[in-house]
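Engineer:
Residue numbers (UniProt numbering), protein chains in the order written: chain A, 1 to 528; chain B, 1 to 238.
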């Protein structure tokens with residue numbers, strides 16, 4: 001079974017990362033991968049430095065002992081959160097399913113290979129977080145050589161349990177949804193409920209009782225942090241004990257729990273794998289259609305309708321790319337409902353109200369801009385691209401339809417933001433207007449930026465749409481572009497507090513609008 | 001209707017998929033484009049319908065260059081690929097309506113044509129179902145109906161009979177004849193030489209990217225069969 005799983009895993013990697021294309025010296029793909037590889041290395045270095053800095057600050061405070069639990073918890077929570085929505089696409093969404101299932105592989109082998117693919121990808125991320133933290137721990141605590149072995153185990157086991165848990169939740173959602181007629185809608189609703197639940201519970205866990213934290217009593221603080229981390233992610237306690245106390249029993253327990261979850265997942269899902277897959281990909285047909293009055297519309301409207309149906313028909317598309325809009329919606333409601341004291345406690349920033357009015361529009365814009373459907377809209381045409389290429393439709397109309405879908409998702413929330421913030425705060429006329437204009441301009445910038453990036457980094461040759469949506473470079477760069485454009489003004493406003501912030505609002509909005517216009521001009525000249 | 005002038009297309013590595021191809025399809029022709037796998041048929045077809053860019057030579061549809069006036073060419077052309085990947089998240093009728101909107105076909109015309117062709121291919125009842133639930137043959141039929149919606153002057157098909165049941169294949173042949181009777185043209189690639197022999201008034205044989213035979217079907221085959229002619233020219237070309 002293991003060798004077959006490895007064989008399938010190898011094929012999966014060859015296919016997903018187009019390794020053979022990468023070997024061709026002059027291929028465009030190879031050039032793109034080199035560029036993207038450099039960007040990934042930069043992001044990884046930044047993450048490693050950030051991780052090191054956090055570990056260092058804990059060490060300086062004299063509470064380096066919380067580092068193991070902290071590292072495991074961070075890696076596990078991020079893995080869990082980002083794998084829940086990915087798991088369905090990788091487990092069930094691959095187009096090679098029919099071919100693989102027809103070959104003499106056990107279902108367990110297929111499930112294990114799909115799982116290991118997710119696990120390896122997550123573990124690469126774990127390495128970036130855990131190695132710097134381990135280094136800091138070693139520098140402050142000077143542990144014995146047992147530490148190296150334990151930390152090594154921690155790195156490779158940190159993602160095993162959360163990946164298995166995420167895949168189980170993903171599988172469970174797929175299983176429940178497969179019993180309904182509208183499988184996709186039920187999957188999306190269940191997952192949305194789960195996300196909102198995770199966000200709300202993490203908000204409540206995040207609000208530590210600060211009255212009891214006396215910063216002069218670091219040991220007590222360390223214990224408190226440790227206790228809180230363990231309450232969020234109980235297995236971290238075992239790893240913490242294994243590292244801090246050289247507790248072999250705790251290490252063994254940690255290993256057994258992690259591996260057991262993996263085995264349990266593979267065994268349980270194997271039992272239902274084929275039936276879930278069949279239920280997801282078989283459709284109820286009525287076969288009783290009669291041609292009635294058909295509605296005609298413009299080319300743009302027809303493309304827009306096709307595009308919006310594409311968005312809402314895809315579980316991965318709605319949940320991953322639409323996440324920014326969902327988070328933005330939660331943020332608007334939270335900021336509107338909560339009073340300044342509550343906001344101060346959650347954000348851990350004193351005197352927040354005065355600062356908030358200056359930067360809230362940009363912070364909100366950073367969140368809403370993460371919903372960048374355009375960054376994958378072109379790639380998702382995939383094998384359907386021949387339709388657009390052979391039809392008499394201009395590039396401008398195609399691009400406009402994709403941009404309009406993005407704006408349909410973001411603009412209503414941007415307007416809601418403007419209305420609710422205007423109701424909440426009594427402020428000057430310019431600020432009131434800018435509370436509407438800034439998020440709208442950023443929504444436009446994000447949509448145009450995504451389209452621009454997808455034109456530069458298209459991927460039409462995919463096996464699973466999850467590859468494009470969750471692992472695609474265009475998706476990552478598109479999603480991060482808007483927030484970066486929005487966070488820079490926040491830093492400028494905070495750095496120059498003596499200058500009236502309204503000036504920054506107007507100037508930055510004009511600059512952003514200018515960038516969006518230039519990008520749009522570039523996009524509409526593109527030939528499919 | 002189609003005029004291909006010195007058309008060449010090279011892929012990565014410099015190997016020519018099509019090498020200096022010249023041919024002419026007149027109005028009213030049913031033109032069969034024959035060749036073995038990898039001979040350059042699909043490359044030529046994709047260049048005609050504007051899917052594939054090319055640098056060498058030019059292709060004219062109804063006198064317009066596909067390089068210089070791609071929109072005008074596409075407006076009068078319809079293309080059906082060998083393996084139609086359609087929008088699986090749409091229903092059959094939504095897809096047809098989408099194509100109708102793109103070509104701005106009036107409501108009355110699209111209703112009448114959809115009714116006629118869908119009844120002919122016996123898929124009217126399935127038009128309300130998602131395309132993802134369709135079989136390969138049903139997708140093929142839907143692609144054919146969508147191609148006929150705007151009454152194209154030129155119908156380009158890549159291996160159109162693969163996956164069609166005998167009744168649907170006969171229906172398609174009749175539609176092709178009907179199109180040509182009205183002064184329009186059909187250009188299609190096929191491996192089924194018997195079909196080409198009976199259906200096409202003109203054929204062209206392509207081998208390793210080069211045109212090795214082209215002309216009136218009757219004149220080319222004379223006392224032999226298209227199969228014999230094909231084997232002869234391909235063997236001779238080796």
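Glycine is no exception: its CB is placed at the ideal position from the N, C-alpha and C atoms. In this text, all values refer to a predicted model and were calculated from it rather than measured experimentally.
Quick one: grab the DSSP three-state call for residue 119 of chain B.
Structural biologist: Of the three classes helix, strand and coil, the one that applies to residue 119 of chain B here is helix, per DSSP.
Engineer: Who are the neighbours of residue 302 of chain A on chain B, taking C-beta pairs under 9 angstroms?
Structural biologist: Near residue 302 of chain A (Cβ distances below 9 angstroms), the residues of chain B are 97, 98, 99, 100, 101 and 102.
Engineer: Would residue 125 of chain B pass as an interface residue toward chain A - the criterion being a Cβ-Cβ separation below 8 angstroms?
Structural biologist: Chain A, which has a Cβ nearer than 8 angstroms to the Cβ of residue 125 of chain B, makes this yes.
Engineer: Can you tell me where the alpha helix (DSSP H) holding residue 73 of chain B begins and where it ends?
Structural biologist: Here the alpha helix (DSSP H) through residue 73 of chain B covers 70-75.
Engineer: With a threshold of 8 angstroms on Cβ separation, who are the neighbours of residue 108 of chain A within its own chain once the five nearest residues in sequence on each side are excluded?
Structural biologist: Once the five neighbours on either side are set aside, the close Cβ partners of residue 108 of chain A are 1, 266, 267 and 270.
Engineer: As a quick exercise: from A/199, A/434 and A/454, pick the residue whose alpha carbon is nearest that of residue 504 of chain A.
Structural biologist: Among A/199, A/434 and A/454, the Cα nearest to that of residue 504 of chain A belongs to A/434.
Engineer: With the cut-off set at 8 angstroms, would you say residue 152 of chain B and residue 44 of chain B are in Cβ contact?
Structural biologist: Their beta carbons are not under 8 angstroms apart, which means residue 152 of chain B does not touch residue 44 of chain B by this criterion.
Engineer: Per DSSP, what kind of secondary structure is residue 211 of chain A in: helix, strand or coil?
Structural biologist: A caution first: residue 211 of chain A carries a pLDDT of 44, below 50, which makes its placement in the model too unreliable to give a value.
Engineer: Quick one: measure Cβ to Cβ for residue 405 of chain A and residue 304 of chain A, integer angstroms, because I've assumed they're closer than 8 angstroms.
Structural biologist: With a Cβ gap of about 7 angstroms, residue 405 of chain A and residue 304 of chain A count as contacting.
Engineer: Is residue 483 of chain A closer than 8 angstroms to residue 370 of chain A when the C-beta atoms are compared?
Structural biologist: Cβ atoms of residue 370 of chain A and residue 483 of chain A: closer than 8 angstroms.
Engineer: Going along the segment 399-415 of chain A in order, which residues come within less than 7 angstroms of chain B, judged by CB to CB distance?
Structural biologist: Result list empty, no residue passes.
Engineer: Going straight from the alpha carbon of residue 300 of chain A to that of residue 104 of chain B, what length do you get?
Structural biologist: Distance between the alpha carbons of residue 300 of chain A and residue 104 of chain B is about 11 angstroms.
Engineer: In three-state terms, what does DSSP make of residue 36 of chain A?
Structural biologist: Looking at residue 36 of chain A - three-state DSSP - the assignment turns out to be helix.
Engineer: Quick check on residue 518 of chain A: buried or exposed, where buried means 16 or more other Cβ atoms within 10 Å of its Cβ?
Structural biologist: Exposed.
Engineer: Pull up the distance between the alpha-carbon of residue 163 of chain A and that of residue 172 of chain A, whole angstroms please.
Structural biologist: Between residue 163 of chain A and residue 172 of chain A, the C-alpha separation is close to 14 angstroms.
Engineer: Which runs of the alpha helix (DSSP H), 4 residues or longer, sit entirely within the segment 313-394 of chain A?
Structural biologist: If we require 4 residues or more, the alpha helix (DSSP H) runs fully inside the segment 313-394 of chain A come out as 323-337, 340-347, 352-368, 374-377 and 385-390.
Engineer: Three or more C-beta pairs under 8 angstroms: does that hold for the segment 145-164 of chain B against the segment 187-198 of chain B?
Structural biologist: Yes, the segment 145-164 of chain B touches the segment 187-198 of chain B.
Engineer: Can residue 388 of chain A and residue 447 of chain A be called in contact, C-beta distance under 8 angstroms?
Structural biologist: Going by C-beta atoms, residue 388 of chain A is not nearer than 8 angstroms to residue 447 of chain A.
Engineer: For residue 18 of chain B, name the three-state secondary structure that DSSP assigns.
Structural biologist: Strand, per DSSP.
Engineer: Could you list which residues in chain A have their beta carbon closer than 7 angstroms to that of residue 51 of chain B, in chain order?
Structural biologist: Simply 386, 389 and 390.
Engineer: I need the straight-line Cα distance from residue 133 of chain B to residue 99 of chain A, nearest angstrom please.
Structural biologist: In a straight line, the C-alpha of residue 133 of chain B is about 19 angstroms away from that of residue 99 of chain A.
Engineer: How many Å lie between residue 198 of chain B and residue 18 of chain B at the Cα?
Structural biologist: Their Cα atoms are separated by approximately 27 angstroms.
Engineer: DSSP beta-bridge partners for residue 58 of chain B?
Structural biologist: Partner(s): B/5.
Engineer: Report the neighbours of residue 299 of chain A on chain B: residues whose CB is nearer than 8 angstroms to its CB, in chain order.
Structural biologist: In chain order: 101, 102 and 104.
Engineer: Mind checking if residue 136 of chain B is an interface residue toward chain A, Cβ cutoff 8 angstroms exclusive?
Structural biologist: So no, residue 136 of chain B is outside the interface.
Engineer: Comparing alpha-carbon positions, which option in A/281, A/288 and A/367 lies nearest residue 178 of chain A?
Structural biologist: Checking every option, the nearest Cα to that of residue 178 of chain A belongs to A/281.
Engineer: In whole angstroms, what separates the C-alpha of residue 145 of chain A from that of residue 123 of chain A?
Structural biologist: Straight-line Cα distance between these residues: approximately 23 angstroms.
Engineer: With 7 angstroms as the C-beta to C-beta threshold (strictly closer), list the residues of the segment 55-82 of chain B near chain A in chain order.
Structural biologist: For the segment 55-82 of chain B, which is checked against every Cβ of chain A, the residues closer than 7 angstroms are 71, 74, 75, 79 and 81.
Engineer: Once you ignore the five residues that flank residue 336 of chain A on each side, which residues in its own chain have a CB closer than 8 angstroms to its CB?
Structural biologist: Cβ neighbours of residue 336 of chain A beyond the five flanking positions: 420, 421, 423 and 424.
Engineer: Does DSSP put residue 216 of chain A in a helix, a strand or coil?
Structural biologist: Low per-residue confidence applies at residue 216 of chain A: pLDDT is 49, beneath 50, and the placement is therefore not dependable, though the value from the model is reported in the following sentence. Three-state DSSP puts residue 216 of chain A in coil, outside helix and strand.
Engineer: Using the beta-carbon of each residue, which ones in chain B are nearer than 9 angstroms to residue 294 of chain A?
Structural biologist: Ordered by position in chain B, the residues that pass the 9 angstroms Cβ test against residue 294 of chain A are 93, 96, 97, 100, 107, 110, 111 and 114.
Engineer: Is it true that the CB of residue 117 of chain A sits closer than 8 angstroms to the CB of residue 294 of chain A?
Structural biologist: No, the Cβ-Cβ distance between residue 294 of chain A and residue 117 of chain A is not below 8 angstroms.
Engineer: Assuming residue 71 of chain B and residue 481 of chain A are in contact, meaning their beta carbons sit under 8 angstroms apart, how far apart are those beta carbons, in whole angstroms?
Structural biologist: Not really, about 32 angstroms apart at Cβ, beyond 8 angstroms.
Engineer: Could you tell me the distance, in whole angstroms, from the CA atom of residue 66 of chain A to the CA atom of residue 56 of chain A?
Structural biologist: Cα to Cα, residue 66 of chain A sits roughly 12 angstroms from residue 56 of chain A.
Engineer: Output, in chain order, the set of chain B residues within a Cβ distance shorter than 8 angstroms of residue 288 of chain A.
Structural biologist: Going along chain B in sequence order, the residues near residue 288 of chain A (Cβ under 8 angstroms) are 125 and 128.
Engineer: Just curious, the beta strand (DSSP E) that residue 214 of chain B is in, first and last residue?
Structural biologist: First-last of the beta strand (DSSP E) with residue 214 of chain B: 210-216.
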